[in-house]
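Structure, as structure tokens:
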Ligand code: AQP
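Residue numbers (the numbering used here): 605 to 934.
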């Protein structure tokens with residue numbers, strides 16, 4: 605029996621190369637050795653305001669990105685979170701054993717409410733990690749492949765699983781976070797101190813669907829460090845180190861070899877080389893994506909099939925949970 609992997613992405617804006625290098629690229633590789641379930645987490649997306657029409661379009665868009673990137677529906681399950689109501693049902697049960705204090709400590713909640721009145725922050729945003737815990741625990745997940753920013757949420761998932769099991773008896777498997785060091789935290793092009801983020805300005809990220817000239821321009825304008833040397837040194841040269849990581853992950857070349865290749869050459873030449881690598885890598889992906897976009901029924905069929913497959917697992921787990929907590933069965 606293969607071990608189970610679960611992960612998801614919110615349909616809340618254009619996906620960027622940070623989402624790809626930190627998550628999706630690893631998922632594609634994991635498919636051959638694990639039993640994989642990949643979700644489009646639309647109920648997570650609505651924890652911040654979404655335009656309904658855009659949400660519908662982006663939900664299908666994320667599924668197309670999974671497929672175009674190489675998630676194979678013959679090997680892995682792809683589905684949409686809201687199509688399996690057990691996710692929200694389990695989230696409610698887990699809410700009853702979650703503590704306000706531990707949710708307040710989540711750095712993503714703090715980051716997303718920074719500078720705003722906490723009184724006006726949405727209860728859904730506050731509760732986001734509990735829904736994520738439900739996503740993971742429903743499927744006896746062994747590993748959760750995510751970027752570094754999600755580590756704390758997986759830790760909380762473990763805390764909730766342990767608490768539930770202690771109180772009601774062994775029910776949930778203890779999931780482990782799976783983070784690949786390279787790519788776990790791709791930084792913003794305009795701010796190498798912070799992670800690349802889809803809610804930042806467009807100069808911060810390279811969207812997976814950006815056109816070649818946009819990609820070249822964004823890389824050209826990316827901030828650099830003092831000096832001229834192309835050297836991997838995250839402390840002293842955070843901007844160049846970030847660009848080197850991106851180069852390494854898209855080209856497959858070792859960082860040492862890239863440093864040698866650009867020895868004695870300036871930042872300008874390095875950036876031109878990087879733009880070429882990124883554009884070449886994304887070209888077949890984008891072609892596949894735009895083909896899929898023309899045939900929404902094809903993707904919808906895969907999502908419907910996926911929801912049917914996972915529903916069997918989720919409903920069984922929820923039956924067990926209801927019984928454990930003492931819900932009357934009629
Ligand atoms: N900069 C990043 N580097 C590496 N991995 C990243 N991820 C996100 N940003 C980076 C990983 O991508 C997956 C998608 O997670 P999400 O849809 O929940 O988005 P997010 O974590 O909230 O981050 P985004 O995409 O930048 O959105 P905003 O701007 O809303 O915060 C996760 O596995 C995440 O770790």
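Just so you know, even glycine gets a beta-carbon here, dropped at the ideal spot from N, CA and C.
Since the structure is predicted, the reported quantities are computational estimates derived from the model, not experimental observations.
State yes or no: is the C-beta of residue i nearer than 7 Å to some heavy atom of the ligand AQP?
i: residue 754; result: yes
i: residue 672; result: no
i: residue 623; result: yes
i: residue 787; result: yes
i: residue 644; result: no
i: residue 710; result: no
i: residue 750; result: yes
i: residue 626; result: yes
i: residue 806; result: no
i: residue 810; result: no
i: residue 611; result: yes
i: residue 635; result: no
i: residue 802; result: yes
i: residue 681; result: no
i: residue 720; result: no
i: residue 780; result: no
i: residue 614; result: yes
i: residue 799; result: yes
As a quick exercise: from the options, pick the residue whose alpha carbon is nearest that of residue i.
i: residue 890; options: 872, 606, 620 and 605; result: 620
i: residue 665; options: 703, 813 and 833; result: 813
i: residue 684; options: 901, 853, 613 and 606; result: 613
i: residue 648; options: 740, 914, 615 and 675; result: 615
i: residue 737; options: 771, 699 and 712; result: 699
i: residue 646; options: 636, 634 and 663; result: 663
i: residue 771; options: 932, 608, 607 and 928; result: 928
i: residue 670; options: 785, 652 and 623; result: 623
i: residue 862; options: 839, 884 and 833; result: 833
i: residue 781; options: 752, 691 and 806; result: 752
i: residue 690; options: 865, 847 and 740; result: 740
Going straight from the alpha carbon of residue i to that of residue j, what length do you get?
i: residue 760; j: residue 799; result: 21 Å
i: residue 678; j: residue 743; result: 19 Å
i: residue 875; j: residue 823; result: 6 Å
i: residue 835; j: residue 767; result: 46 Å
i: residue 706; j: residue 818; result: 41 Å
i: residue 911; j: residue 919; result: 11 Å
i: residue 609; j: residue 811; result: 26 Å
i: residue 906; j: residue 682; result: 7 Å
i: residue 686; j: residue 855; result: 36 Å
i: residue 548; j: residue 637; result: The question about residue 548 has no answer here: the residues shown for the chain are numbered 605 through 934.
i: residue 695; j: residue 840; result: 43 Å
i: residue 787; j: residue 704; result: 32 Å
i: residue 607; j: residue 873; result: 44 Å
i: residue 866; j: residue 880; result: 14 Å
i: residue 795; j: residue 789; result: 13 Å
Notebook entry, point to check: Can you list, in chain order, the stretches of the alpha helix (DSSP H) that have 4 or more residues and sit fully within the region 619 to 674?
Noted result: 629 to 634, 646 to 649 and 656 to 673
Margin query: Restricting to runs no shorter than 4 residues, where is the alpha helix (DSSP H) found entirely within the region 763 to 832?
Written below: 816 to 825
Checklist line | Complete runs of the alpha helix (DSSP H) confined to the region 705 to 752 [at least 4 residues] | finding: 711 to 717 and 727 to 741
Item checked: Ranges of the alpha helix (DSSP H) found wholly within the region 897 to 931, counting only runs of at least 4 -> 900 to 929
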